[in-house]
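Here is the structure we will look at.
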DNA sequence: CTCCTATGTGAACATAGGTTCACAATATAT
DNA sequence: ATATATTGTGAACCTATGTTCACATAGGAG
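Chains as they are written, first to last, in the numbering used here: chain V, 420 to 618; chain G, 420 to 618.
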């Protein structure tokens, strides 16, 4: 209707943004090009001026999420040298992203579990490995600095730390928001922190 | 082809079993009545002799999983009174179910995240609450018996314990089995156990 | 201002998937 | 053995959804 013509760069951004919104609301598997186009304000066939097909749009969305997660990780590591503080901030950030950029957990879970296109799965896995690797680094550095018990396996610590997130997210989603993620995360984090702190 | 006629009770079981297999292999969202019927050895339309529609089949599958999980929980609790041993066995059992009855994690995750039909979601949530409640009970009893630190919140302990499972499962799935769940679970569990043991 | 290319539109097409229906064949009870 | 109810079959259907295409139009380059 409007028939406003925008540069393909801008439109691509709009489309990916819209895709993220839909993923957040309904999950990766339930995106339709119709809904996507409606959200952007154009007609379905117009999407194909900017992307080869639906799959390409989804991959772009996954990549965008991955980039944002990466930026967050870096910022946290530059904020403070103290490992426990880093972890504390990281958890807060992730929880915030989970709340605001809900597309992230949906992508990690859907792609990881529902085995969509292999490319997307690979992307999601790469993102996850990035996150886990960074957490593991924080752990090692914390151990080297004498802030975290050195008798514990850094990798296991990292997996366990990260594990608090999916647990909270699943409970949150399944309970339709009735489950208080933030509070739960705080408590679990306290527990965890006391357990790993050097003594 | 075969045209063997079986009692609707038997066929229902076969169908649900086939559904569980497909869920395990491809996730809840990707089940087609065609594939389901093929697996059972009948034609798609024949399914409708035994179930009202696809949704009813999926719900039956979810319920079956829920029942099996419940049975497992009971058996674990009757096996030993010691809380730490119970948790140990519970983790092993769950990991075994995750490997053998892969439909379980897929249902919990897919239903929880991808918001399928509200009824299924409710079922999955009920199952999850059952599990969490049971774990919480074990924690409390362990605290009462002086086996688990009493200064920790039983609910947070339960969520954290349970959280080890989704974490491991996600990593396993995303890595296409390259990630060694069992070993990871062992390590994390050791970590966790040491953290909560009364001293 | 005038082209020409990039973008948007509507309609049509293709496919996949769930469901229904008329009919056939088997099991079971009498 | 026959009749009746139950189960299975194939075809058709309906809808949703991804995609293509011919055509229209906006907007910048010349």
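Every residue gets a Cβ at the ideal spot worked out from N, C-alpha and C, and that includes glycine.
What are the start and end residues of the alpha helix (DSSP H) that includes residue i?
i	result
residue 580 (chain G)	573-593
residue 542 (chain V)	537-563
residue 507 (chain G)	502-519
residue 442 (chain G)	427-445
residue 530 (chain G)	522-532
Quick check on residue i: does DSSP put it in helix, strand or coil?
i	result
residue 618 (chain G)	coil
residue 476 (chain G)	helix
residue 567 (chain V)	strand
residue 450 (chain V)	coil
residue 464 (chain G)	helix
residue 485 (chain G)	helix
residue 423 (chain V)	coil
residue 597 (chain G)	coil
residue 625 (chain V)	Outside the shown range of chain V, which is 420 to 618, sits residue 625 (chain V), and nothing can be said about it.
residue 471 (chain V)	coil
Between residue i and residue j, how many whole angstroms is the CB-CB distance? I'm expecting something under 8 Å.
i	j	result
residue 523 (chain G)	residue 488 (chain G)	7 Å
residue 456 (chain V)	residue 462 (chain V)	6 Å
residue 600 (chain V)	residue 532 (chain V)	At roughly 20 Å, the Cβ-Cβ gap does not stay under 8 Å, so residue 600 (chain V) and residue 532 (chain V) are not in contact.
residue 459 (chain G)	residue 434 (chain G)	6 Å
residue 442 (chain V)	residue 480 (chain V)	6 Å
residue 483 (chain V)	residue 575 (chain G)	Contact flag wrong, Cβ pair sits at about 34 Å.
residue 427 (chain G)	residue 468 (chain G)	7 Å
residue 616 (chain V)	residue 557 (chain V)	About 14 Å separates the two Cβ atoms, so there is no contact after all.
residue 520 (chain G)	residue 593 (chain V)	Not confirmed; about 19 Å, so no contact.
residue 510 (chain V)	residue 604 (chain V)	6 Å
residue 414 (chain G)	residue 580 (chain G)	The structure shown has nothing for residue 414 (chain G), since chain G only spans 420 to 618.
residue 539 (chain G)	residue 530 (chain G)	5 Å
residue 536 (chain G)	residue 474 (chain G)	6 Å
residue 466 (chain V)	residue 438 (chain V)	Not really, about 10 Å apart at Cβ, beyond 8 Å.
residue 614 (chain V)	residue 614 (chain G)	4 Å
Any heavy atom of the ligand PLP closer than 7 Å to the CB of residue i?
i	result
residue 564 (chain V)	This structure lacks the ligand PLP; in fact it carries no ligand of any kind.
Contact between the segment 530-546 of chain G and the segment 570-589 of chain G: three or more CB pairs below 8 Å? no
Can we say the segment 585-594 of chain V touches the segment 583-595 of chain G, given the rule of at least three CB pairs closer than 8 Å? yes
Measuring CB atoms only, is the segment 519-533 of chain G touching the segment 441-460 of chain G, in the sense that at least three cross pairs come out at less than 8 Å? yes
Taking one C-beta from the segment 501-516 of chain G and one from the segment 498-518 of chain V each time, how about it: are there three or more such pairs within less than 8 Å? no
With three or more beta-carbon pairs closer than 8 Å as the criterion, would you say the segment 594-613 of chain G touches the segment 559-569 of chain V? no
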